[in-house]
Amino acid sequence: MSRCRTSAARRGGERHAKLTGNAAAGARTLEGMTRTGEDHRAAGAGAGPWWWARWRSAVLDGSLALVSAVECGAEGVPFARDAGVPPAVGIVFGVLAGSVLLIRRRWPIAVVLVAIAVTPAQMGFLMGIVGLYTLAACELPRRIIGALAGMSFLGTMIVTFVRVRQDMARGDFSLGDWFVPFAAVTTSLGLTAPPLLLGLYVGARRRLMESLRERADSLERELQLLAERAEERAEWARNEERTRIAREMHDVVAHRVSLMVVHAAALQAVARKDPEKAVRNAALVGDMGRQALTELREMLGVLRSGDEQKQRRRERASASVPLVAVGVAAAAAASRAAGEPGGAEGPCLAELEELVGQSAAAGMVVDLSVEGETRSYGPEIEQTAYRVVQEALTNVHKHAAGAKAYVRLAHRGAEIAMQVENEPPPEPSSASSARLPSGGNGLLGMKERVVALGGVFVSGPTEAGGFRVSAVIPAA
C-alpha cells in the first residue's frame, strides 16, 4: 500500500532573538549660559564628572557677576552725584546690585526684577541682558516671561526717552520730535529682544534634547521588553516542539517495538514445536524493526535538515541590522514558531487497514468497520486519527494480550469519530506474558493531540472488563 508519510517531525525550535545594542545616545550638554534653572541635573553622558559641570557653571556665573558688579559700581558714581549722596554709597549699591547674577540660575525672576529696579539709576545693562536671557531659557510659564520682558522693555524705554530728551535739551539739538521716541524704542528693543529671543531658542532646544533623550530611553526599554517577550515565546515554542517530537517518537517506537516484542514472545513459544511458524515470526520481527528504523531515520533526517536551514538563516542574518528590525524580527519569529501547526505530514487514514493488519499478524483479532462516505481530511487531522488508533492498539498489545479489539471509524458531516475497544483478556496472566513496559504517556499523548485540534477525547474501562478509547475531531 502506498504510504502518504513525507516526514515525521519538523522544525525543532526558534532561536530566541537576543536584542543587543544601545538606543540613540543622549544629546550633548548645553554649555555655559545655555544651562539655566536646574540644568545641572541634566548633564549627559560623556560631559565629564558631575562636579565639573557645576564648577564650570559656578566659574561662569562668578565671572558674569564680577563684571556686572564692576559695571554697576562704576555707574554708581554718577548716580550718587545726581542723588546727592557720597560716591561710596553709590559704589556699594552698584556692587551689591551687580552681584545678583550669582543667583541667576536659581532665582531668575529676582534678577530681572532687580535689573528693572535699577534701570532708573542707569546701571545694570549687563545684568538686564543676562537676566532676560536666563529668564527666557528657564522652564517658566510664558505669561510670566512675557510680563517681565514687557516691564523691562517699558522701563528701559521710559528711562531712555527721558535721558535722550534731557540730553537734547541740554545740548540744544534740533533733530526733530520723532528722534526721541525712535531712540527710546530702538534702544529698548536692542537691549530686550536679542537676549529674550536667544533665551527662548536655547530653552526650546534644551527641552527638545531632553525629549529626544527620554524617547530614546523609552525606546530602549520597549525593545528590551520586546526581546524578553520574544525569548519567552520562543522558549514556549521550543517546549511545544520538544513535546511534539517526544509524542511522535513515542507513537512510532512504542507501536513497532510492542509488535516486535509480541512476535519475539510467539517465536520463543513455537520455536521447537513449529519451525515454519517460528521463521514467519522471525521475519515479522525483522520487518517491524526495519520499519521502526526507517521511520526514526526519516524523523531525525527532517530534524537535522531543519537545523541546517536554521543555521543558514542565522548566517545570512548575522550582518548588522537596526535594533528595531531585530526586535520586530524576533517577535515575528517567535510568533511563527508558536503559531505553526504541529509538524509535517505523517501517516494518513489510508494506512489504517495496514495498521490493523500488522496487529492481526501479531496474533490479535481486530474487527475494523468504517461508517460514512470516505473522504480526505487535513494532514493534521488524518495523522491524529491514525495515531489515536495506533496507540490504542498498542495498549491492547501491552495490557490485554490475546483480547479481541474493535476499531470503529465514522465519517460525519463536520467531524470524524473513532473508537477502539477491546474485550477482557482471555487469561489474567496473559496481559503480562510479553512483559511490555508502559511509560504512562500513551493516553496523555492521545488526549493532547485531539484537544489541540479542538476535539474531544474519552478513555476508560468498560463494564465488561475491557477498555475503550473514543475521540471526535472536527473536520475543519
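Position in the sequence shown (from 1) plus 11 gives the number in my numbering.
Every residue gets a Cβ at the ideal spot worked out from N, C-alpha and C, and that includes glycine.
- One alpha carbon belongs to Y212, the other to A147, and they sit about 8 Å apart.
- The C-beta separation of G166 from T130 comes to about 4 Å, placing the pair in contact by the 8 Å criterion.
- For L464, the three-state secondary structure derived from DSSP is coil.
- When DSSP states are grouped into helix, strand and coil, L420 belongs to the strand group.
- Here the alpha carbon of K284 sits roughly 20 Å from the alpha carbon of G413.
- Boundaries for M134: no beta strand (DSSP E) harbours it, and the DSSP string shows neither H nor E there.
- Cβ-Cβ distances below 6 Å link F190 to nothing in the same chain once the five nearest sequence neighbours on each side are left out.
- Per DSSP, the beta-bridge partners of G471 are R479.
- Remark: C-beta atoms of L366 and Q401 approach each other more closely than 7 Å.
- Looking at the backbone, the Cα of E243 and that of I156 are separated by about 52 Å.
- In the structure shown, L379 adopts extended strand secondary structure according to DSSP, grouped into three states.
- In this structure, the straight-line span from the alpha carbon of V141 to that of L234 is close to 43 Å.
- Q369 sits buried, since 16 or more C-beta atoms from the chains shown fall within 10 Å of its C-beta.
- For the segment 155–206, there is no continuous beta strand (DSSP E) assignment of 3+ residues that stays within its boundaries.
- Close CB contacts of V125 within its chain, under the 8 Å cut and outside five residues either way in sequence, are with A108, V111, G135, M138 and G142 (chain order).
- In the DSSP assignment, the residues bridged to N433 are A416 and F478.
- Within the model, the alpha-carbon separation for E225 versus P119 is close to 26 Å.
- By the C-beta criterion, the segment 426–438 is judged to be in contact with the segment 462–481, since at least 3 inter-stretch pairs fall below 8 Å.
- Considering only D72, I102, G95 and W66, the residue with the shortest C-alpha distance to C83 is I102.
- When the beta-carbon positions are compared, V483 and E391 stay at least 7 Å from each other.
- Across the structure, A245 and Y388 are spaced so that their CA atoms are roughly 30 Å apart.
- Cα atoms of I256 and V268: separation of roughly 18 Å, rounded to the nearest angstrom.
- Per DSSP, the beta bridge partners of P485 are E426.
- In the DSSP assignment, T395 falls within the alpha helix (DSSP H) that extends over P390 to H410.
- Around the Cβ of L295, a 10 Å sphere holds 16 or more other Cβ atoms; the residue is buried.
- Across the structure, R398 and M457 are spaced so that their CA atoms are roughly 7 Å apart.
- Judged by their CB atoms, F90 and A132 are nearer to each other than the 7 Å cut-off.
- Pairing A194 with V175 gives a Cβ-Cβ distance under 7 Å.
- In the same chain as D378, and ignoring 5 residues on each side of it, the C-beta atoms closer than 8 Å to its own belong to K415, A416, Y417 and V418, in chain order.
- Membership of P358 in any alpha helix (DSSP H) is not indicated, and neither H nor E is assigned to it by DSSP.
- For the set R154, T395 and M260, the Cα lying nearest the Cα of E309 is the one of M260.
- Nearest C-alpha to V467 among V381, T473, V290 and A486: A486.
- The alpha-carbon separation between A421 and R386 amounts to approximately 11 Å.
- By the neighbour-count criterion, in which a residue is buried when 16 or more other Cβ atoms sit within 10 angstroms of its Cβ, P286 is exposed.
- When M162, R217 and S222 are compared, the shortest CA-CA separation from L200 is found for M162.
- In the same chain as A160, and ignoring 5 residues on each side of it, the C-beta atoms closer than 7 Å to its own belong to L143, T203 and L207, in chain order.
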